[in-house]
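Residue numbers (my numbering): 162 to 542. Written below as structure tokens is the structure these notes are about.
Following this line, the structure appears as structure tokens:
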């Protein structure tokens, strides 16, 4: 029986939302006075898509706002170990998983994972962080590639699926859900029995103690090392956060779909079909207030074309065109400051003939590059 069907039988007031690529289902439910935030990681032939992973953050944020003593996060991992795709790493986004691991490590919410039918490499990482980790008798727990796991205790398990007993000794699981002979209702009863026991155990545990246990377990497994960050943190998370970190701030990164939601005014009639804002709005959101001034505004078509190459009527029409932001070409070039750092800033203006690229666009771009080289300034486009 699929996890989705099990959820429908077990929980009241179940609300399910499927990810865009079908690799993840997020759900919310109530169960005996508890609020459950559920993620079913199904996977597909491409592995987990980063937009699927973004739904987990939405789930986690809602869980953080819920009443702590009644709130639980539950993961079902329904990934097929026997049919891994060669393209799974290409479509998986390690940075998003690194952020998920970091979040689950310190989240002040009780967490449970059930490996339902197998776990593939990277996608099984959240399983090892949760407070209670169970697997069904028929499922297989993969062991992570040594680039991720730094512990010599498990390096020998990379190519083989270890026994349940050995997994318990390593601390990777602490429950085995016995599979009933039949299917359907019998299966639901077994899982419900496990969940009731897990809820009772976690309700008696303090959040601070659970977080401490997560850290201890992950250090032993090698996901977090005793000194320095893990390889994920060193080579993926830190460089990206450093590149976008604002002085005096914590380097918070926002998922793009949240950015869109935050700036709903940009998603109104002013957006083009590609979903982009006009040039004046990008300048307003990116450039330090009051620091932008336009360059090369006098670059117009008649300056670069012979009179016999273009009609006078066309030139007159171009002169009359001006966007809502006051720009007269499809490329706007200027100088400004971003977090007090001077830059040469270029932004496409899609409101000017739908962003048509012509000779003026090319000349403005060339001149912007020359200016940046001469003055030693970075270019932001």
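From the three backbone atoms N, C-alpha and C, an ideal C-beta is built for every residue, glycine too.
Is the Cβ-Cβ distance between residue i and residue j less than 7 angstroms?
i: residue 220; j: residue 187; result: yes
i: residue 338; j: residue 351; result: yes
i: residue 334; j: residue 294; result: yes
i: residue 366; j: residue 298; result: no
i: residue 216; j: residue 265; result: no
i: residue 238; j: residue 202; result: yes
i: residue 232; j: residue 178; result: no
i: residue 171; j: residue 353; result: yes
Using the Cα positions of residue i and residue j, report the straight-line distance between them to the nearest angstrom.
i: residue 500; j: residue 447; result: 9 angstroms
i: residue 494; j: residue 541; result: 10 angstroms
i: residue 166; j: residue 328; result: 28 angstroms
i: residue 520; j: residue 451; result: 30 angstroms
i: residue 163; j: residue 510; result: 49 angstroms
i: residue 175; j: residue 277; result: 20 angstroms
i: residue 362; j: residue 190; result: 20 angstroms
i: residue 453; j: residue 440; result: 12 angstroms
i: residue 558; j: residue 533; result: The requested residue 558 is not part of the displayed model; the chain covers only 162 to 542.
i: residue 326; j: residue 444; result: 59 angstroms
i: residue 374; j: residue 380; result: 10 angstroms
i: residue 490; j: residue 535; result: 24 angstroms
i: residue 173; j: residue 442; result: 45 angstroms
i: residue 222; j: residue 198; result: 10 angstroms
i: residue 364; j: residue 348; result: 24 angstroms
i: residue 324; j: residue 192; result: 32 angstroms
i: residue 296; j: residue 218; result: 24 angstroms
i: residue 357; j: residue 330; result: 24 angstroms
Name the residue from the options whose alpha carbon lies nearest to the alpha carbon of residue i.
i: residue 455; options: 439, 442, 507; result: 507
i: residue 194; options: 177, 178, 228; result: 228
i: residue 538; options: 497, 271, 525, 230; result: 497
i: residue 523; options: 503, 502, 460; result: 460
i: residue 274; options: 290, 263, 330, 222; result: 290
i: residue 102; options: 262, 169, 232, 198; result: A query on residue 102 cannot be resolved here, the shown segment of the chain reaching from 162 to 542 and no further.
i: residue 372; options: 237, 173, 292; result: 292
i: residue 270; options: 218, 505, 368; result: 368
i: residue 504; options: 449, 490, 173; result: 449
i: residue 569; options: 230, 325, 324; result: The chain is shown only over 162 to 542; residue 569 falls outside these bounds and no answer can be derived.
i: residue 457; options: 442, 445, 443, 531; result: 531
i: residue 236; options: 348, 200, 358, 223; result: 200
i: residue 370; options: 529, 330, 272; result: 272
Write down the C-beta distance between residue i and residue j rounded to the nearest angstrom, noting that I regard them as a contact closer than 8 angstroms.
i: residue 492; j: residue 527; result: Their Cβ separation, rounded to whole angstroms, is 11 angstroms, which puts residue 492 and residue 527 out of contact at 8 angstroms.
i: residue 355; j: residue 378; result: Between residue 378 and residue 355 the Cβ distance is about 20 angstroms, and since that is not below 8 angstroms, they are no contact.
Indicate, with yes or no, if the ligand GDP has a heavy atom lying under 6 angstroms from the CB of residue i.
i: residue 335; result: The model on display carries no ligand, and the ligand GDP is accordingly not part of it.
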